[in-house]
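Quick note: the sequence shown uses the working numbering, first residue 3, plus one each step.
C-beta atoms are modelled at their ideal positions from N, C-alpha and C, and glycine is treated no differently.
To keep things clear, I will list the structure first and then write my remarks on it.
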Amino acid sequence: MTLSPPPESPAPHRVVALLQPPQSTFLLACATEVFGDHGPAVPARYTFEVCAERPGPLRTQGGYDLLVTAGLDALERADTVLVPGWQQPAGTEVPPAAVEALRRAHRRGARVVGLCSGAFLLAAAGLLDGRRAATHWARAAELAARFPAVRVDPAVLYVDLGDVATSAGSAAGADLCLHLVSADQGAAYAMRIARQMVMPPHREGCQLQYAELPTSGPVADSLAPLLEWLAGRLDQPVSVAEMALRSQVSARTLTRRFTEQLGISPGRWLLDRRIAATRALLEETDLPVETIAHRVGLSSAVNLRRRFHEALRTTPAAYRRAFRAGEAGQARQAG
């Protein structure tokens, strides 16, 4: 009886990260933790390496240098090209050599992934034209203005289009990397890596729940008294007609002033303040959702949940759990 040889294991999936100074150490660590070596606990199905346009010492945001030995030619052997952030001031030109290297890798069939602000390099390469993309919420407007052909979604944690993928800010990079592992190797394998990282393989909600609470900022004298009056009456229903009467102008004039000075309508401004107050009460108190709804002028728990989900793509309960979990983690570290 002739025994057939055992089937050969598939070649590891090659992931190459393109680094740019000053490199975000956190985003690089997210990719390394997911695609790197997990030891005997998780069988290796990926190889992970880094490259740069100019090999040698590469400055990081942490204030130290990384020694990068591979140049852009490393992208030619990658199955996945990953850009872990692009930490440059607004308006900085994207390096042409890096852009062309991404285009070549994509044409060859490599998957191209941008974590957080790494989406700027993918957009500069034209890989996101006419397509939906994510980036850090604080840079979403900048990405949309600089690359108007890109359909920037400021809310989602990540967008996977198959040949390209982009993530929102910071820890959402790990979410996207785990999602890609699940797509490549199956959910069970991704779960093993997530357990090693002590994090869930999938998080609830969207990145807008982590955005800073909105502030009015400086406003003209014509609106300041009204905004102060509204801020003290969030628990009460207020119509645009009532706002106009308070300001002694027509509703049309009031709407024009809001649009010119704040960029939004009076109703939208008031709803944003109600949502911001809801977030603060969920983070800082144990009040029931029904009680919070009345305190912020949203009338009922049903209405609050609907408005909250429309704004943040998550529920009040999930939002409260997420922020309480963060506080518990900080307490454990302090202890």
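Taking 8 angstroms as the cut-off, the Cβ atoms of L84 and V101 do not count as close. Taking C-alpha positions only, P97 is separated from L20 by approximately 12 angstroms. A Cβ-Cβ separation of about 6 angstroms places P268 in contact with L256 under the 8 angstroms criterion. For D67, no alpha helix (DSSP H) segment is defined; the enclosing uninterrupted segment is the beta strand (DSSP E) at 67-70. In the structure shown, H40 falls within a coil segment according to DSSP collapsed to helix, strand and coil.
For R113, DSSP records a beta bridge to T82. Here A19 carries a strand assignment [DSSP, helix/strand/coil].
With the rule of 3 Cβ pairs closer than 8 angstroms, the segment 143-158 does not count as touching the segment 188-204.
Contact check for V158 and A136: beta-carbon distance about 5 angstroms, within the 8 angstroms limit, so the pair qualifies.
Nearest Cα to L69 within the set A43, P42, Q25, A46: Q25. P57 is positioned such that its CB atom lies no closer than 8 angstroms to that of T34. Cβ contact annotation for D39 (same chain, cutoff 7 angstroms, sequence separation greater than five): A46, in chain order. For L60, the three-state secondary structure derived from DSSP is strand. 8 angstroms or more divides the Cβ of W231 from the Cβ of R258. Judged by DSSP in its simplified three-state form, D162 adopts strand.
Pairwise C-beta distances place the segment 318-326 in contact with the segment 277-297, as three or more of them are shorter than 8 angstroms. Of the candidates Q90, C32, H15, I266, C32 places its Cα closest to the Cα of C179. The continuous stretches of alpha helix (DSSP H) do not include V52, which lies in the beta strand (DSSP E) extending over residues 48-54. The beta carbon of R194 is closer than 6 angstroms to those of V44 in its chain, skipping five residues each way along the sequence. Under the three-state reduction of DSSP output, V154 falls in the strand class. A distance of 8 angstroms or more separates the beta carbons of A99 and E51. In this structure, DSSP gives Q263 a helical state, which the three-state scheme calls helix.
Comparing alpha carbon positions, the residue from S224, L163, G234, A282 closest to A246 is S224.
Non-local beta-carbon contacts of W271 in its own chain, meaning distances under 7 angstroms to residues more than five positions away in sequence, involve F260, L264 in chain order.
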